[in-house]
Amino acid sequence: MITGASSGIGLAAARALARAGDEVVLLGRNPERLRRAAERVRDASGSLPRAFQADFSVLAEVRDVARRLRSEVDQIHVLVNNAGALGGQAAVRRVTADGLDRTMQVNHLGGFLVTHLLLDRLMAGASPDEPARLITTSSLAEAWGWLDVDRPAGPLLRYRSRWLAYGASKQANVLFTIEAARRWAPHIVPTCFFPGLVQTRFALRSPLFTIARVMPGLVNPPEIGAGTLVWLATDPAALVPGGYFAFGQEFVATPRATDPGRAQRLWRSSLAAVGLPDSGHAPDTTHAT
Ligand SMILES: NC(=O)c1ccc[n+]([C@@H]2O[C@H](COP(=O)([O-])OP(=O)(O)OC[C@H]3O[C@@H](n4cnc5c(N)ncnc54)[C@H](OP(=O)(O)O)[C@@H]3O)[C@@H](O)[C@H]2O)c1
């Protein structure tokens with residue numbers, strides 16, 4: 010199950026996995042792009058995948074899509090939290106209808122919420138020998154993220170650069186992976202990755218990224234960017250709880266993105282932001298065997 014599968018890295022990964030015989034489920038925001046993406050997966054694999062639409066900047070839509078997914082899917086082997094965007098500069102100054110920083114909501118809290126709402130589907134059938142996988146698309150941008158882990162989507166993020174907001178959300182992706190590993194491994198193995206600079210719909214209106222696009226060899230096609238994702242989804246060697254990867258190898262994140270104390274604080278504040286209680290311990294896995 011791949012969020013952000015209607016375009017770019019998510020779509021390239023969905024096509025590669027489907028071509029290899031895996032059943033993929035697509036999530037996307039734009040209905041027309043999602044429909045075309047499903048057709049491209051069918052062209053690659055021969056069968057039309059199930060596709061679900063939701064805008065992660067509206068938490069009610071995240072809850073609704075999780076409800077629809079739950080009614081159709083009993084077990085998820087791999088959940089990829091890949092949906093994400095660099096917000097517009099104007100959007101950085103506005104909060105969502107949920108009262109949250111938009112970049113943080115779309116890039117971190119939406120996936121955080123959907124993961125919790127589908128947790129029992131990930132746990133179903135998972136075991137330490139055959140764990141489910143939880144993969145999050147982060148970025149090198151985490152390095153310049155300034156993240157208040159106690160108020161990740163609060164007013165401190167507003168009125169600042171969209172790249173800073175983006176970096177903070179990508180740092181949240183790594184911290185989410187660290188704490189998810191502490192809570193859910195070994196039944197679920199959470200990892201995250203940096204896909205490199207990739208030629209997608211990402212940052213289409215960013216002058217900085219536009220310059221990067223024309224630099225020879227700097228920006229890879231989506232199929233290359235999706236390579237690490239596909240590897241994390243399929244290879245036994247990629248079962249490294251809390252691991253951060255790039256280009257198929259372990260990668261180093263900044264200390265503030267990997268600090269276990271910050272990861273726990275972010276987890277608690279993220280639960281509060283999306284309106285979930287904190288059970289404080291690993292979920293009941295008695296039904297998982
Ligand atoms: N491209 C890069 O160089 C690069 C580098 C580092 C990290 N990343 C990360 O890679 C991930 C995928 O990005 P990409 O490069 O493949 O860009 P992309 O082509 O723009 O794809 C982004 C995906 O996220 C979805 N999405 C965006 N906003 C959403 C929202 N509000 N609700 C639900 N889904 C939403 C998009 O849905 P629609 O198409 O339906 O709108 C699309 O499927 C992102 O998390 C991004 O931060 C990209």
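Heads up: the sequence shown runs through residues 10 to 298, numbered per my numbering.
The beta-carbon is built from N, C-alpha and C at its ideal position, and this holds for glycine as well.
Just so it is clear, the structure is predicted and the values come from calculations on it, not from any experiment.
Margin query: Taking only three categories from DSSP, how would you classify I4?
Written below: What is shown of the chain runs 10 to 298, which leaves residue 4 out entirely.
Notebook entry, point to check: Which residue from L35, K179, A60, A162 puts its Cα closest to that of G154?
Noted result: Within the sequence shown, the letter at position 145 stands for residue 154. If we check each option's Cα against that of G154, K179 comes out closest.
Margin query: Quick check on the DSSP output: the alpha helix (DSSP H) that includes Q62 runs from which residue to which?
Written below: For the purposes of this step, residue 62 is identified with residue 53 of the sequence shown, where counting begins at 1. Segment 59–62 is the beta strand (DSSP E) holding Q62; no alpha helix (DSSP H) there.
Check: When the Cα atoms are used, what is the spatial distance from R130 to V34?
Finding: For this step, residue 130 is matched to residue 121 along the sequence shown. For this step, residue 34 is matched to residue 25 along the sequence shown. Between R130 and V34, the C-alpha separation is close to 13 Å.
Note to self: Would A46 and E232 be called neighbours here (beta carbons separated by less than 8 Å)?
What the structure shows: The residue labelled residue 46 in the question sits at position 37 within the sequence shown. The residue labelled residue 232 in the question sits at position 223 within the sequence shown. Taking 8 Å as the Cβ cut-off, A46 and E232 do not qualify as a contacting pair.
Check: Taking buried to mean at least 16 other C-beta atoms within 10 Å of its own C-beta, is S288 buried or exposed?
Finding: In the sequence shown, residue 288 corresponds to position 279, counting from 1. Result: exposed.
Checklist line | Opening and closing residue of the alpha helix (DSSP H) in which A177 lies | finding: Position 168 of the sequence shown, counted from the start, is the residue given in the question as residue 177. Taken as a continuous stretch (DSSP letters only), the alpha helix (DSSP H) holding A177 covers 171–193.
Next item on the list: Using a threshold of 8 Å, state whether the C-beta atoms of S54 and R28 are closer than that.
Entry: For the purposes of this step, residue 54 is taken as residue 45 along the sequence shown, with counting starting at 1. For the purposes of this step, residue 28 is taken as residue 19 along the sequence shown, with counting starting at 1. Against a cut-off of 8 Å, the Cβ pair of R28 and S54 comes out as a contact.
Next item on the list: Would you mind sorting R24 into buried or exposed? The rule is 16 or more other CB atoms within 10 Å of its CB.
Entry: Taking the first residue of the sequence shown as 1, we reach residue 24 at position 15. With 16 or more other Cβ atoms within 10 Å, it is buried.
Margin query: Let me check understanding here. Comparing Cα to Cα, which of D64, L156, W240 lies closest to G13?
Written below: Position 4 of the sequence shown, counted from the first residue, corresponds to residue 13. Among D64, L156, W240, the Cα nearest to that of G13 is on D64.
Notebook entry, point to check: Which whole-angstrom value is the C-beta distance of T263 and C201, which I expect to be below 8 Å?
Noted result: Mapped onto the sequence shown, residue 263 falls at position 254. Mapped onto the sequence shown, residue 201 falls at position 192. T263 to C201, Cβ: 13 Å. No contact.
Margin query: By the three-class DSSP mapping on this structure, what secondary structure does A212 have?
Written below: As a first step, residue 212 is located in the sequence shown; it is residue number 203 there, counting from the start. If DSSP states are grouped into helix, strand and coil, A212 belongs with coil.
Next item on the list: Taking the CB atoms as reference points, tell me whether L118 and L109 lie closer together than 8 Å.
Entry: Residue mapping note: residue 118 aligns to position 109 of the sequence shown, counting from 1. Residue mapping note: residue 109 aligns to position 100 of the sequence shown, counting from 1. Yes, Cβ-Cβ distance for L118 and L109 is below 8 Å.
Check: Is the beta carbon of E188 less than 8 Å from the beta carbon of Q273?
Finding: Walking along the sequence shown from the start, residue 188 turns up at place 179. Walking along the sequence shown from the start, residue 273 turns up at place 264. Yes, Cβ-Cβ distance for E188 and Q273 is below 8 Å.
Next item on the list: Kindly examine ligand 1 and report whether one of its heavy atoms sits closer than 7 Å to the Cβ of T200.
Entry: The residue labelled residue 200 in the question sits at position 191 within the sequence shown. Result no, Cβ not under 7 Å from ligand 1.
Notebook entry, point to check: Exposed or buried, which one is S136 when buried takes at least 16 other CB atoms within 10 Å?
Noted result: Here residue 136 is taken as the residue at index 127 of the sequence shown, counted from 1. Exposed, because fewer than 16 other Cβ atoms sit within 10 Å of the Cβ of S136.
Note to self: Given the structure, does A14 come close to ligand 1, in the sense that its CB is under 7 Å from one of the ligand's heavy atoms?
What the structure shows: Here residue 14 refers to the residue found at position 5 of the sequence shown. Yes, the Cβ of A14 comes within 7 Å of a heavy atom of ligand 1.
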